[in-house]
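With numbering that gives the first Met the number 0 applied, the sequence shown covers 0 to 223.
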Amino acid sequence: MAELQFFTGTMDSGKSTLALQTNHNRAQRGLVGRIFTSLDRAGTAMLSSRLGLQHDAIEVDPAFHFWRYVVDELTRGARVDYLICDEAQFYTRDQVDQLAKVVDDLQLDVFAFGILTDFRSELFPGSARFVELADRTHVLQVEAMCWCGRRATHNARTEDGVMVVEGEVIVVGDVEQSGAEAVSSDDAVPEVAYEVLCRMHHRRRMTAARAHAVALGAEPLPFG
């Protein structure tokens, strides 16, 4: 029986790498799949891993319709054995319903990969729907680490180096050692970066940079 499987973890837990490996393993067996992504760091219609691996993909915007796409492909005689769906947290709830229909009515396996919660520690609507509908939900065992050494469980966003917990849910950025990635050359637009933290340091808004500043005595402790 075909299944809808959802693989989730924080940033840096290897979701995109696993998506590429899942596709590779099935392609080696002679199966033919389709790869989808949304707002990947490498650009439009590209699935990329932070390890440097990349693969062409089909871009999923809010208007994309999975059911129509797959039915059209099958109708014209194309072979489709499975779907790989990366950055699945950005999919709409309706798109997740479409994927469930693909599994149930067309008996195609769907492997979806996405972050569970946003920088506010709130469920992405798409991820919430996957948890509600998936035959199996897997929490990735490759654990990302907070700067303090604890297991990272939360995704944090910084703007110009300051952690924020309000704002647009979707702002493209990345996790880099340099600390930030500019989303525009306009000085009025903040530099956006993402960092994984343990719950305690996410709650205290204590990023690695801020912890360093506190250690140097540049900032007071965040509690008292």
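All C-beta atoms, glycine included, are put in the ideal place defined by N, C-alpha and C.
Beta carbon of residue i, beta carbon of residue j: below 8 Å?
i, j, result
"A87", "F112", "yes"
"T7", "T91", "no"
"V59", "Q97", "no"
"F240", "S12", "The question about residue 240 has no answer here: the residues shown for the chain are numbered 0 through 223."
"D134", "Q4", "yes"
"A210", "W146", "yes"
"M85", "A127", "Residue identity check: residue 85 is Asp in the sequence provided, not Met. Cβ distance not < 8 Å, so D85 and A127 don't count as in contact."
"L46", "D39", "yes"
Which one of the options has the shortest CA to CA distance from residue i?
i, options, result
"M0", "V59, S12, A99", "A99"
"L105", "E194, W66, V95", "W66"
"F110", "F118, V101, T116", "V101"
"V70", "A214, L107, M45, V163", "L107"
"R119", "L73, L30, V163, T206", "V163"
"F63", "H23, G29, G76, F35", "F35"
"E190", "G13, R156, N22", "R156"
"V161", "H153, Y193, G13, E131", "Y193"
"M10", "A214, V195, R203", "V195"
"T116", "M144, H153, F129, G148", "H153"
"G166", "G216, E121, E72", "E121"
"V168", "K14, I114, E2", "I114"
"Q158", "E131, R149, R204", "Note that residue 158 corresponds to Glu in the displayed sequence, not to Gln. Of the listed residues, the one whose Cα sits closest to E158 is R204."
"M144", "E131, T206, F129, L132", "T206"
Tell me the DSSP bridge mates of residue i?
i, result
"Q53", "S47"
"Y68", "For Y68, which the question treats as bridged, DSSP gives no partner whatsoever."
"V161", "E158"
"T136", "F5"
"V195", "N154"
"L122", "T116"
"E58", "T36"
"M144", "R150"
"L82", "R33, V109"
- Task: Any chance you could list the beta strand (DSSP E) runs of at least 3 consecutive residues sitting entirely within the region 90 to 119, in chain order?
- Result: 108 to 113
- Query: Taking three-plus beta-carbon pairs below 8 Å as touching, is the region 48 to 63 in contact with the region 75 to 82?
  - Reply: no
- Query: On the three-pair Cβ rule with 8 Å, is the region 122 to 141 touching the region 195 to 213?
  - Reply: no
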